[in-house]
Amino acid sequence: SKLSRKNAALLYQPQWQDEHRKKLEMIQSLRSAIDRNELFLAYQPKYDLASLAINGVEALARWQSKEFGWVSPAVFIPLAEENGLIDDLGLFVLKQACKDCKHWLEKGYDIPVSVNLSAAQLSSGMLPEHVFGILAASGLSPQYLELEITESMLMQDQQAIDSQIETLNEKGISFAIDDFGTGYSNLHYLSRFKAATLKIDQSFVRQLDESADNYSLKNYSLVKGIVVLAKTLGLTTVAEGVEDKNTLNTLRAINCDSAQGYFLSKPVTLEDFYVALQNQDSE
Ligand code: C2E
Ligand code: CA
Ligand code: CA
Ligand code: CA
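Right under this line is the structure:
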């Protein structure tokens, strides 16, 4: 019968072929995800460590797929990057984040939005034009937009990337170096920015407890060192991945500027972000 032939064919297929087919189907599905309203944004607040007030928020892409269910950005972002979909996806994220930010500013919440960039979004040379277009369309002032980039994007040291960053920076858009400390150790690129934020990678922030084992002590020294270095260079620091109160207190003690993490807030829906803003208003 047709069914048993199909089963036999499946049995003969090596594992990698199944996975390959699934991947192809996922790419196909991702291609139409924006049009089908399957992509949306989650928002993770950033907190000022002195006052514990919300002082920023990071937009994080989410994909609720009809075929595949909830797919992690750790899966679909690389997939989009490898298959020429990241430009469209990146523009969708920028548009939505700027629109949402404009909306909360109008409600009286003076909070900038941070958007993650992929290296590929800098390769066409069109990023400044796209960003300025999106800002104009949404009516958002450039100082309310921060772009998160990684060290490796800066280390490519291409004239084209430099000039785009400079163009954006000159118009008032700020930059954060994401996953700081996990890339290259050449810090020369930091001088290219008028103002920038270092987002200290979660791997250093976890188990920061000063009094604990050798590993934690090393992390403590590293984070403290990064904060001092940043202060010297006139940069601000955000610690990522704060998961407990001890870590939060340690970060406050070493004068890190801001923090983000599950202990403070997980990424939430736009609706719940408004709830968080309202709650701190009424405190
Ligand atoms: P990222 O930019 O480093 O974002 C931080 C990730 O850590 C997020 O994962 C966030 O949910 C998670 N996180 C935050 N606090 C904690 C914590 O306390 N503990 C732990 N264990 N995790 C925490 P998410 O949302 O799964 O995103 C993963 C990565 O996907 C992001 O890492 C970013 O590189 C990429 N990504 C997400 N959205 C976009 C986007 O719109 N564009 C681009 N280019 N990349 C994106
Ligand atoms: Ca980020
Ligand atoms: Ca990060
Ligand atoms: Ca990351």
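Residues 337 to 619 (the UniProt record's numbering) make up the sequence shown, in order.
The beta carbon of each residue, even a glycine, is placed where N, CA and C say it ideally should be.
Remember, it's a predicted structure, so these values are computed and weren't measured experimentally.
Please report the distance separating the alpha-carbon of glycine 461 from that of leucine 504.
As a first step, residue 461 must be located in the sequence shown, where it is residue number 125. As a first step, residue 504 must be located in the sequence shown, where it is residue number 168. When rounded, the distance between both Cα atoms is 12 angstroms.
Can you tell me the Cα-Cα spacing of valine 563 and proline 381, whole angstroms?
Along the sequence shown, read from residue 1 onward, the residue named residue 563 stands at position 227. Along the sequence shown, read from residue 1 onward, the residue named residue 381 stands at position 45. In this structure, the CA atom of valine 563 is about 20 angstroms from the CA atom of proline 381.
Beta-carbon proximity check, isoleucine 536 vs glutamate 576, cutoff 9 angstroms
Numbered from 1 along the sequence shown, position 200 holds the residue referred to as residue 536. Numbered from 1 along the sequence shown, position 240 holds the residue referred to as residue 576. In this structure, glutamate 576 lies closer than 9 angstroms to isoleucine 536 by Cβ.
Please tell me whether, using a cut-off of 8 angstroms, the distance from the CB of tyrosine 383 to the nearest non-hydrogen atom of ligand 1 is below it.
Here the question's residue 383 lines up with position 47 in the sequence shown. Ligand 1 has no heavy atom closer than 8 angstroms to the beta-carbon of tyrosine 383.
So, are the CB atoms of proline 448 and glutamine 479 less than 9 angstroms apart?
Your numbering for residue 448 matches position 112 in the sequence shown. Your numbering for residue 479 matches position 143 in the sequence shown. In this structure, glutamine 479 lies closer than 9 angstroms to proline 448 by Cβ.
Based on Cα-Cα distance, which residue from Tyr445, Asp354, Ala395 and Leu360 lies nearest to valine 611?
By 1-based counting over the sequence shown, the position of residue 611 is 275. Closest by C-alpha distance to valine 611, out of Tyr445, Asp354, Ala395 and Leu360, is Tyr445.
Taking only runs of the beta strand (DSSP E) that begin and end inside the segment 348-435, which ones reach a length of at least 3 residues, in chain order?
Counting whole runs of 3 or more residues, the segment 348-435 contains the beta strand (DSSP E) stretches 375-384, 390-401 and 405-407.
Can you check DSSP and say which residues form a bridge with valine 574?
Here residue 574 corresponds to residue number 238 of the sequence shown, with the count starting at 1. In DSSP, valine 574 forms a bridge with Lys535 and Ser594.
DSSP beta-bridge partners for glutamate 484?
Counting from one through the sequence shown, the residue named residue 484 turns up at place 148. Beta-bridge pairing links glutamate 484 to Asn452 and Ala512.
Compare the beta carbon distance of leucine 571 and valine 559 with 9 angstroms and say whether it is the shorter of the two.
Translated into the one-based positions of the sequence shown, residue 571 becomes position 235. Translated into the one-based positions of the sequence shown, residue 559 becomes position 223. One thing to note: leucine 571 has its Cβ no nearer than 9 angstroms to the Cβ of valine 559.
I need the residues with a C-beta less than 5 angstroms from some heavy atom of ligand 2; please give them in chain order.
The set, ordered by position in the chain, is Asn452, Glu484 and Asp514.
For the putative contact between threonine 605 and alanine 378, defined by C-beta atoms under 8 angstroms, what is the C-beta separation to the nearest angstrom?
For the purposes of this step, residue 605 is taken as residue 269 along the sequence shown, with counting starting at 1. For the purposes of this step, residue 378 is taken as residue 42 along the sequence shown, with counting starting at 1. That belief holds up - the Cβ atoms of threonine 605 and alanine 378 are roughly 7 angstroms apart, short of 8 angstroms.
Do phenylalanine 511 and glutamate 482 have their CB atoms nearer than 9 angstroms?
Numbered from its first residue, the sequence shown carries residue 511 at position 175. Numbered from its first residue, the sequence shown carries residue 482 at position 146. Taking 9 angstroms as the cut-off, the beta carbon of phenylalanine 511 is found closer than this to the beta carbon of glutamate 482.
Excluding the five sequence neighbours on either side, which residues of its own chain have a C-beta within less than 8 angstroms of the C-beta of alanine 395, listed in chain order?
Locating residue 395 in the sequence shown gives position 59, where the first residue counts as 1. For alanine 395, the CB contacts under 8 angstroms within the same chain, skipping 5 residues up- and downstream, are Leu377, Ala378, Tyr379, Val429, Gln432, Ala433, Asp436, Val449, Ser450, Val451 and Asn452 in chain order.
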